[in-house]
Amino acid sequence: MKRILLTLLASGVALAAGAGTAQAESYSNSHSGSCSDTVDGWGYFYAYTYQYAYISNNKIESESHSFSFSGFLDGGEDAELLKGKDRKWLIYRSGDFDLAVPYVSHAGLFARDNRDRDNDWVKLCDY
28 MKRILLTLLA SGVALAAGAG TAQAESYSNS HSGSCSDTVD GWGYFYAYTY QYAYISNNKI
88 ESESHSFSFS GFLDGGEDAE LLKGKDRKWL IYRSGDFDLA VPYVSHAGLF ARDNRDRDND
148 WVKLCDY
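All residue numbers for the sequence shown refer to this note's numbering, where the first residue is 28 and numbers rise by one.
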């Protein structure tokens, strides 16, 4: 009985010690790319994006970017940062468009009409 009690106590101490060792999750990356194309209903665009992001505990701690847009994305250089998404993009709002700007490779650049309640994202670039 003593042996069982000691084993249970030791297990409880190990579990309690393990519970206090949670680590903060953080990551950072940067990515850049450019492309141009025509999107049905929106027209022609050109996009160049550079995006760096440092995320800690699901909070954007630091970011740096450089954008150059033309066509229907013209003026997007002054877009407002909204949030991060899926460890791949930072989401910005510029007028009627939201932009998902990648900070990791192969995530792609996406846009959506923020007046559209369907929340349909359109892939603009594959970089």
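Glycine included, every Cβ here is placed at the ideal spot set by N, Cα and C.
Values in this document were obtained by computation on a predicted structure and should not be read as measured data.
Once the 5 residues before and after residue 63 are set aside, which same chain residues still bring their CB inside 6 Å of it? Around residue 63, the same chain offers 73 as residues with beta carbons nearer than 6 Å, after the five sequence neighbours per side are excluded.
Pick helix, strand or coil for residue 103, following the three-state DSSP scheme. Note: residue 103 maps to helix in three-state DSSP.
Name the DSSP beta bridge partners of residue 139, please? Looking at the DSSP assignment, residue 139 forms a beta bridge with 125.
If you drop the 5 nearest sequence neighbours on each side, which residues of the same chain put their C-beta closer than 7 Å to that of residue 104? 94, 95, 96.
Label residue 40 either buried or exposed according to how many other C-beta atoms from any shown protein chain fall within 10 Å of its C-beta, with 16 as the threshold for buried. A caution first: residue 40 carries a pLDDT of 43, below 50, which makes its placement in the model unreliable, though a value can still be read off. Counting of Cβ neighbours within 10 angstroms places residue 40 among the exposed residues, the total staying below 16.
Could you pull the start and end residues of the beta strand (DSSP E) that residue 58 belongs to? Element bounds for residue 58: 53-66.
Cα-Cα separation, residue 119 to residue 52: Spanning the two alpha carbons is a distance of roughly 23 Å.
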